[in-house]
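Student: Protein chains in written order, with this note's numbering: chain A, 50 to 758; chain B, 2 to 167.
(1) Closest Cβ-Cβ distance between residue 518 of chain A and chain B: below 9 Å?
(2) Let me know if residue 140 of chain B comes out buried or exposed under the rule of 16 or more other beta-carbons within 10 Å of its beta-carbon.
(3) For residue 256 of chain A, which three-state DSSP category applies?
(4) Is the beta carbon of residue 388 of chain A sitting closer than 9 Å to the one on residue 542 of chain A?
(5) DSSP on residue 94 of chain B, reduced to helix/strand/coil?
(6) Rounded to whole angstroms, what's the CA-CA distance from residue 167 of chain B to residue 68 of chain B? Just pull it up for me.
(7) Kindly indicate which three-state DSSP category residue 669 of chain A falls into: helix, strand or coil?
(8) Roughly how many whole angstroms lie between the Cα atoms of residue 147 of chain B and residue 84 of chain B?
(9) Going by alpha carbons, who is nearest to residue 299 of chain A out of A:656, A:423, A:202 and A:110?
(10) Suppose the cutoff is 6 Å on Cβ atoms and the five residues either side in sequence are ignored; what does the same chain contact list for residue 658 of chain A look like?
(11) Going along chain A in order, which residues have a C-beta closer than 8 Å to the C-beta of residue 155 of chain B?
(12) With a Cβ-Cβ cutoff of 9 Å, do residue 701 of chain A and residue 454 of chain A count as a contact?
(13) Using the C-alpha atoms, what's the distance from residue 234 of chain A back to residue 60 of chain A?
(14) For residue 71 of chain B, count neighbouring C-beta atoms within 10 Å of its own C-beta (all shown protein chains included) and say buried if the count is 16 or more, exposed if not.
(15) Restricting to runs no shorter than 4 residues, where is the alpha helix (DSSP H) found entirely within the segment 515-571 of chain A?
(16) So what does residue 706 of chain A bridge to, in DSSP terms?
(17) Let me check understanding here. Comparing Cα to Cα, which of A:668, A:500, A:463 and A:539 lies closest to residue 80 of chain A?
(18) Between the segment 161-195 of chain A and chain B, which residues of the former have CB atoms less than 8 Å from a CB of the latter, in chain order?
(19) Could you tell me if residue 573 of chain A is buried or exposed, where buried requires 16 or more neighbouring beta carbons within 10 angstroms of its beta carbon?
(20) With a threshold of 8 Å on Cβ separation, who are the neighbours of residue 677 of chain A within its own chain once the five nearest residues in sequence on each side are excluded?
(21) Pull the bridge partners of residue 609 of chain A from the DSSP assignment, please.
(22) Does the contact criterion of 3 or more C-beta pairs under 8 Å hold for the segment 374-385 of chain A versus the segment 147-160 of chain A?
(23) At a CB distance below 9 Å, what residues from the segment 383-414 of chain A approach chain B? Give them in sequence order.
(24) For residue 589 of chain A, count the other beta carbons within 10 Å of its own beta carbon; 16 or more makes it buried, fewer makes it exposed. Which is it?
(25) Give the interface partners of residue 4 of chain B over in chain A, defined as CB-CB distance under 7 Å, in chain order.
(26) When the Cβ atoms of the segment 76-96 of chain B are set against those of the segment 111-124 of chain B, are three or more pairs found closer than 8 Å?
(27) Quick one: does residue 70 of chain B have its CB under 9 Å from some CB of chain A?
(28) Note the first and the last residue of the continuous alpha helix (DSSP H) segment covering residue 458 of chain A.
(29) Quick one: list the residues of chain A neighbouring residue 66 of chain B, beta-carbon separation under 7 Å, in chain order.
(30) Are the beta-carbon atoms belonging to residue 433 of chain A and residue 394 of chain A less than 9 Å from one another?
(31) Mind checking which residues open and close the alpha helix (DSSP H) that includes residue 759 of chain A?
(32) Taking the alpha carbon of residue 75 of chain A as the reference point, which residue from A:758, A:751 and A:356 has its own alpha carbon closest?
(33) Would you call the CB atoms of residue 535 of chain A and residue 755 of chain A closer than 9 Å?
(34) In this structure, how does DSSP classify residue 351 of chain A when only helix, strand and coil are distinguished?
(35) In the DSSP output, what is residue 70 of chain A paired with across the bridge?
(36) Could you tell me whether the Cβ atoms of residue 196 of chain A and residue 237 of chain A are closer together than 9 Å?
Structure representation (structure tokens):
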């Protein structure tokens with residue numbers, strides 16, 4: 050076997066997963082607990098685990114790597130713990146309270162349904178910049194970009210001096226409609242820089258139009274504040290990762306994943322664009338597997354310790370979410386759309402002593418202290434404890450035996466806190482809890498599918514994440530998917546997905562262009578020219594950033610795109626331009642045709658409505674450069690008897706009684722094998738439970754197909 | 002069963018618990034022993050020894066004082082039997098003129114004193130404002146609340162009501 054050339058690491062809230070990939074696409078995975086205080090520790094531990102699996106030392110591993118790809122939680126933790134930098138804000142006079150008021154939904158975003166209903170629990174997130182360091186200056190630019198009130202420069206100078214006296218680390222500048230005309234923001238920045246230089250201070254100046262010149266000032270403001278607040282420490286964590294890699298002989302710079310599915314160096318100028326990257330890897334990986342298996346309609350579901358993330362790819366199209374939430378702040382970062390519910394193996398279980406009502410979570414035991422059976426001080430029963438009690442988890446093979454599960458301890462605590470309160474047997478209560486979790490996930494999947502208006506029989510479900518396969522049977526039961534898939538490397542699938550990404554930049558700008566349903570040639574030509582001018586500007590900016598990261602010009606490809614809708618609609622669809630440049634009316638017709646094709650794919654062909662005309666709300670350019678990707682290896686199907694992977698039997702409680710379940714080693718399964726339930730397929734990093742009568746078939750790509758009876 | 006330490010309850014009463022923790026408590030099932038822990042914390046806070054039976058506002062308690070059950074201020078001032086309206090024993094400041102209303106709402110619109118007055122009920126010993134009520138002029142002083150102590154202890158707390166020396 051060759052040595053690995055790509056390492057992908059995905060640091061989640063609980064576990065850090067690693068995947069190693071060699072030139073031929075062979076891969077191995079590793080796993081270790083996340084270490085939030087110094088992520089480099091968990092990174093190295095996880096890399097070492099994978100290197101062990103490969104049979105090489107850390108030095109051997111890192112000195113031969115071409116790409117180190119890391120997505121972590123440093124910035125998110127800075128934001129959550131409010132330990133970022135000291136900021137000041139200069140904004141349009143009259144908008145100073147914007148920071149305090151926020152968006153209404155920020156007061157309850159991420160809350161459970163019951164908390165959302167109880168207004169007494171609603172609370173705005175603590176602002177990142179206090180009101181007393183927010184200064185309004187007189188100026189106004191309207192929505193057409195015309196100057197209505199000129200900038201009062203003496204007010205800017207006074208505000209800047211005040212902020213310098215306040216010893217801020219960074220000054221953020223956000224004025225209304227700066228995405229249409231940034232003249233005032235630029236001038237404010239200039240004055241601030243002069244004042245800072247005059248005072249001999251060292252203060253960063255950030256303007257909102259540079260972060261992303263897109264409509265909606267609240268999200269633009271949040272983005273610039275988070276960039277200024279959290280990314281310096283996030284960058285420090287990333288540098289720590291880079292230093293650790295170099296210590297073991299790595300020769301290049303570390304890469305990280307962008308929320309819209311591309312790679313960038315850790316010197317990326319808008320590092321907050323990498324904050325939502327973790328779950329994104331799964332969607333990229335799913336798209337990649339979808340191509341192999343020949344189905345481009347996929348639901349990817351990632352179940353870890355805390356949350357259950359679902360992504361949808363419909364006929365090859367992923368949805369872009371333009372204003373995602375981050376710690377309850379609305380951001381203006383384009384992100385691959387994900388639906389998330391709180392459901393995972395770390396969910397803490399509670400039973401109300403008065404009403405006997407059972408609730409799952411919303412808290413998770415995380416990795417520290419973790420479930421009771423980890424024996425690291427956890428005292429609250431979790432789903433993982435139920436899995437251990439019911440014999441579904443192997444107490445001696447969790448993380449390959451690195452963590453010995455204390456089943457008896459979990460059993461005693463679960464009996465006292467849950468089963469006895471409910472007045473039923475331990476097994477019945479534990480299976481009931483698991484059924485509830487799987488029921489929640491099952492409902493969430495149905496909801497996501499029905500939102501697409503497409504029948505589930507068109508979709509293939511991909512299940513991954515450390516606890517995905519463990520609860521796969523219940524999550525997917527009765528929905529009627531075309532196929533249900535899981536992987537030998539389920540625990541590292543998100544990291545695997547990251548390694549399938551290319552280097553990428555995405556630059557875009559808000560615009561408002563209406564095209565009538567019966568626009569004539571001259572109107573279309575005029576529109577084409579207007580669009581093309583914007584595209585050329587964006588292309589230049591995107592390519593420059595790629596070159597600055599060290600990519601050769603001839604390796605960089607650019608694709609223009611548009612966010613478009615039928616005039617009067619509220620939601621856009623992202624349309625990749627079918628042509629590299631638009632110069633005449635025919636080009637414009639091609640673009641419109643492409644929009645209608647994409648729209649019909651995402652929705653349905655009968656829902657097209659060209660009579661309303663078309664509106665373009667955003668123009669952008671995506672620049673990409675290729676990178677080595679892992680390959681799944683296709684092998685001929687062998688005999689169906691999986692005896693070679695059989696490693697014994699264990700008592701497992703499934704469907705209301707104990708069964709003698711066959712045990713298999715997941716990595717020893719070969720194409721062609723068929724396993725009938727009740728059975729448990731084990732891997733150091735994950736466990737697949739096969740219910741009685743259900744069966745699993747291993748295909749020529751060594752993917753595991755789950756078939757419900 | 003949910004349960005919190007006395008320190009947590011003490012911080013909760015003092016308003017010193019961090020918001021995320023407060024919200025977690027709000028969102029979880031109610032701890033069964035909350036009432037008694039609250040009473041314990043309050044009992045330590047007051048300088049007198051009469052057992053508190055029920056807190057009725059931030060600094061006002063019904064307590065067992067000898068053989069009587071009285072409404073008592075945190076400072077120790079007694080407003081008499083708990084079944085009688087304690088407000089009648091308090092110092093009362095009535096804001097029924099524009100000038101006096103303007104004192105508390107300097108920058109806002111104020112109510113029309115012909116239609117509404119504000120009454121402040123103050124402890125004669127320590128000057129704590131225990132209660133403020135808004136009523137039409139001439140409206141009798143409101144008796145907010147006469148608790149059914151026996152019923153509350155018997156049916157809700159399932160504990161006997163502490164008896165004083167008879």
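Quick reminder that beta carbons are idealized off the backbone N, C-alpha and C, glycines included.
Tutor: Let me spell this out:
(1) Counted from its first residue, the first chain places residue 518 of chain A at position 469. Cβ-Cβ to chain B under 9 Å: no for residue 518 of chain A.
(2) Within the second chain, the letter at position 139 stands for residue 140 of chain B. It is exposed - the Cβ of residue 140 of chain B has fewer than 16 other Cβ atoms within 10 Å.
(3) Taking the first chain and counting its residues from 1, one reaches residue 256 of chain A at position 207. Three-state result, residue 256 of chain A: strand.
(4) Numbered from 1 along the first chain, position 339 holds the residue referred to as residue 388 of chain A. Numbered from 1 along the first chain, position 493 holds the residue referred to as residue 542 of chain A. No.
(5) Indexing the second chain from 1 puts residue 94 of chain B at position 93. In the structure shown, residue 94 of chain B sits in a strand (DSSP, three-state: E or B).
(6) In the second chain, residue 167 of chain B corresponds to position 166, counting from 1. In the second chain, residue 68 of chain B corresponds to position 67, counting from 1. Only weak support exists for where residue 167 of chain B lies, its pLDDT of 48 falling under 50; the coordinates are left without a value.
(7) For this step, residue 669 of chain A is matched to residue 620 along the first chain. Three-state result, residue 669 of chain A: strand.
(8) Counted from its first residue, the second chain places residue 147 of chain B at position 146. Counted from its first residue, the second chain places residue 84 of chain B at position 83. About 6 Å.
(9) Residue numbering aside, residue 299 of chain A sits at position 250 when the first chain is read from its first letter. The shortest Cα separation from residue 299 of chain A among A:656, A:423, A:202 and A:110 belongs to A:110.
(10) Position 609 of the first chain, counting from 1, holds the residue named residue 658 of chain A. For residue 658 of chain A, where only same-chain residues beyond five positions count, the Cβ hits under 6 Å are 615.
(11) Residue numbering aside, residue 155 of chain B sits at position 154 when the second chain is read from its first letter. What residue 155 of chain B touches in chain A: nothing, since even the nearest Cβ is about 18 Å away.
(12) Position 652 of the first chain holds residue 701 of chain A. Position 405 of the first chain holds residue 454 of chain A. Contact flag unset, no.
(13) If you number the first chain from 1, residue 60 of chain A lands on position 11. If you number the first chain from 1, residue 234 of chain A lands on position 185. Going from the Cα of residue 60 of chain A to the Cα of residue 234 of chain A covers about 37 Å.
(14) Here residue 71 of chain B refers to the residue found at position 70 of the second chain. Buried, by the Cβ-count rule.
(15) 521-525 and 542-548
(16) As a position in the first chain, residue 706 of chain A is number 657, starting the count at 1. A:703, per the DSSP bridge assignment.
(17) As a working mapping, residue 80 of chain A is identified with position 31 in the first chain. Nearest C-alpha to residue 80 of chain A: A:539.
(18) The segment 161-195 of chain A vs chain B, Cβ under 8 Å: 161, 163, 164, 167, 169, 170 and 172.
(19) For the purposes of this step, residue 573 of chain A is taken as residue 524 along the first chain, with counting starting at 1. Classification of residue 573 of chain A: buried, given that the 10 Å Cβ count is 16 or more.
(20) Within the first chain, numbered from 1, the residue matching residue 677 of chain A stands at position 628. Same-chain partners within the cutoff: 54, 55, 70, 72, 115 and 116.
(21) As a first step, residue 609 of chain A is located in the first chain; it is residue number 560 there, counting from the start. Looking at the DSSP assignment, residue 609 of chain A forms a beta bridge with A:670.
(22) yes
(23) 399, 400, 401, 402, 403, 404, 406, 408, 411 and 412
(24) As a working note, residue 589 of chain A is residue 540 in the first chain. Burial call: exposed.
(25) The residue you call residue 4 of chain B lines up with position 3 of the second chain. The contacting residues do not exist; residue 4 of chain B stays about 10 Å from chain A at best.
(26) The segment 76-96 of chain B vs the segment 111-124 of chain B: in contact.
(27) Residue mapping note: residue 70 of chain B aligns to position 69 of the second chain, counting from 1. No, residue 70 of chain B lies away from the interface with chain A (no Cβ there is under 9 Å from its Cβ).
(28) Numbered from its first residue, the first chain carries residue 458 of chain A at position 409. 456-463 is the extent of the alpha helix (DSSP H) around residue 458 of chain A.
(29) Numbered from 1 along the second chain, position 65 holds the residue referred to as residue 66 of chain B. Correct list: empty, because the minimum Cβ distance to chain A is about 33 Å.
(30) For the purposes of this step, residue 433 of chain A is taken as the residue at position 384 of the first chain. For the purposes of this step, residue 394 of chain A is taken as the residue at position 345 of the first chain. In contact: residue 433 of chain A and residue 394 of chain A (Cβ atoms closer than 9 Å).
(31) Because chain A is modelled from 50 through 758, residue 759 of chain A falls outside the range shown and cannot be assessed.
(32) As a working note, residue 75 of chain A is residue 26 in the first chain. The candidate whose alpha carbon is nearest that of residue 75 of chain A is A:751.
(33) Looking up residue 535 of chain A in the first chain gives position 486. Looking up residue 755 of chain A in the first chain gives position 706. Residue 755 of chain A is positioned such that its CB atom lies closer than 9 Å to that of residue 535 of chain A.
(34) Along the first chain, one-based indexing puts residue 351 of chain A at 302. Residue state, collapsed to three classes: strand.
(35) Looking up residue 70 of chain A in the first chain gives position 21. According to DSSP, residue 70 of chain A bridges with A:55 and A:76.
(36) Taking the first chain and counting its residues from 1, the one referred to as residue 196 of chain A is at position 147. Taking the first chain and counting its residues from 1, the one referred to as residue 237 of chain A is at position 188. Taking 9 Å as the Cβ cut-off, residue 196 of chain A and residue 237 of chain A do not qualify as a contacting pair.
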